[in-house]
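**Student:**
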Amino acid sequence: MDSLTFSELENLATNTMDRLSNLALDLGLTQFPAHLNTFLSSLFFFLAIHQTFAPATSGWLSSNFRKMNRRAKNNWSIHIVSQVHALVIVPLALRALNSPTLDQDRAFGWDDKSGSLQAIASAYFVWDTLDAIINYTDFGFIVHGLACSLIYLLSFTPFLSYYAARCLLWESSTIFLNIHWFLDKTNRTGTIFQLVNGILLLATFFGIRLVYGAYVSYNFFFTLYDVRNKIPLVYLLIYGVGNIVLQGLNIFWFFKMISALQKRFSLNTPAERRAIKKGGRLDAKKE
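At position 88 of the sequence shown (counting the first as 1) the number is 88 in my numbering, and the numbers step up by one without a gap.
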């Protein structure tokens, strides 16, 4: 490849970045251009894990993966991406919690530490949406991905950036949820390891999503109320109703988890545990 070709590629990349930055500004996402590189690199990172790293390493490490059909292998890779995202985003969210700038203006404040966090989260949800469309199984997964993508991309206006890190702490429970899923898929249903992981899952889900989540939601609604005359009505509806729905789903999922775990550890035979593994979902993602 000669220098002219490299120059053309460089110009193409520069022009593409400029166009994306201008599009973001036209849409009112004034803080997005500064974090466009983080967004794109994160998006390609998640795509690479999903399409290359996860299938290659899983096929080498697990005989269970090698026996799966195409759809099951894709679901396995989805959970690996989800786990990587959770392990990355939770520490970053903790780092972005203590921001005086955001605390002074919880509705419209901005901090670049939170911007990087939001760029990675936005990339993950865009990837999740693309997978839900390409590997379609349920329209609800598409709606969920689109909703999360819009919410985190809109935060670059900026809007409610203060709450981004706090809501992303919910991913703490996702770490144990994915471990549980992999234990089911590798014939470890009902083991002591799964019991300990299940206790940690319920503890983090209850503590982070329900207790801490309720506290965050309480403050969230007061922030929305304070700026109700400064934002479009559609923002109030999207963020207000969305927050109520998500908190309601968290409560619903928590009791479903308790029920599913009780079934797993009240069974005596491997056959019964395998039947629950196939039919008793513990998470809201694809089985």
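Just so you know, even glycine gets a beta-carbon here, dropped at the ideal spot from N, CA and C.
Report all residues from its chain with a CB closer than 6 Å to the CB of residue 7; omit the five preceding and five following residues, and keep chain order.
**Tutor:** Counting only Cβ-Cβ distances below 6 Å, and skipping sequence neighbours, we find nothing.
**Student:** Under 8 Å: do the segment 59-75 and the segment 142-150 share three or more Cβ pairs, one atom per stretch?
**Tutor:** Short answer: they don't touch.
**Student:** Please name the residue, chosen from 119, 174, 11 and 97, that lies closest to residue 38 on a Cα-to-Cα basis.
**Tutor:** It is 119 whose Cα lies nearest to the Cα of residue 38.
**Student:** Smallest Cα separation from residue 126: which of 191, 32, 47 and 77?
**Tutor:** Looking at the Cα atoms, 47 is the closest of the given residues.
**Student:** Would you report the Cα separation of residue 70 and residue 116, rounded to the nearest angstrom?
**Tutor:** Their backbone Cα atoms lie some 34 Å apart in a straight line.
**Student:** Residues in its own chain within less than 7 Å of residue 20 by CB, not counting five upstream and five downstream?
**Tutor:** The answer, listed in chain order, is 36.
**Student:** Using a Cβ-Cβ cutoff of less than 6 Å, which residues in the same chain neighbour residue 80 once the five nearest sequence positions on both sides are dropped?
**Tutor:** The answer, listed in chain order, is 54.
**Student:** Using C-beta distances below 7 Å, list every residue in its chain close to residue 284, excluding the 5 sequence neighbours before and after it, in chain order.
**Tutor:** Below a pLDDT of 50, predicted positions are generally treated as unreliable, and residue 284, at 44, falls in that range; the measurement from the model is reported next regardless. These residues qualify, in order along the chain: 253.
**Student:** Give the DSSP-derived three-state secondary structure of residue 209 in the structure shown.
**Tutor:** Residue state, collapsed to three classes: helix.
**Student:** Measure the C-alpha to C-alpha separation of residue 255 and residue 212 and round it to an integer number of angstroms.
**Tutor:** Approximately 17 Å, taken between the alpha carbons.
**Student:** Can you tell me which of 68, 257 and 148 puts its alpha carbon nearest to the alpha carbon of residue 245?
**Tutor:** Answer by Cα proximity: 148.
**Student:** Quick check on DSSP: helix, strand or coil for residue 9?
**Tutor:** Reduced to three states, the DSSP call for residue 9 is helix.
**Student:** Three-state secondary structure (DSSP) at residue 110?
**Tutor:** Coil.
**Student:** Compare the Cα-Cα distances from residue 178 to each of 43, 52 and 77 and report the closest residue.
**Tutor:** Taking only the C-alpha atoms, the option nearest residue 178 is 77.
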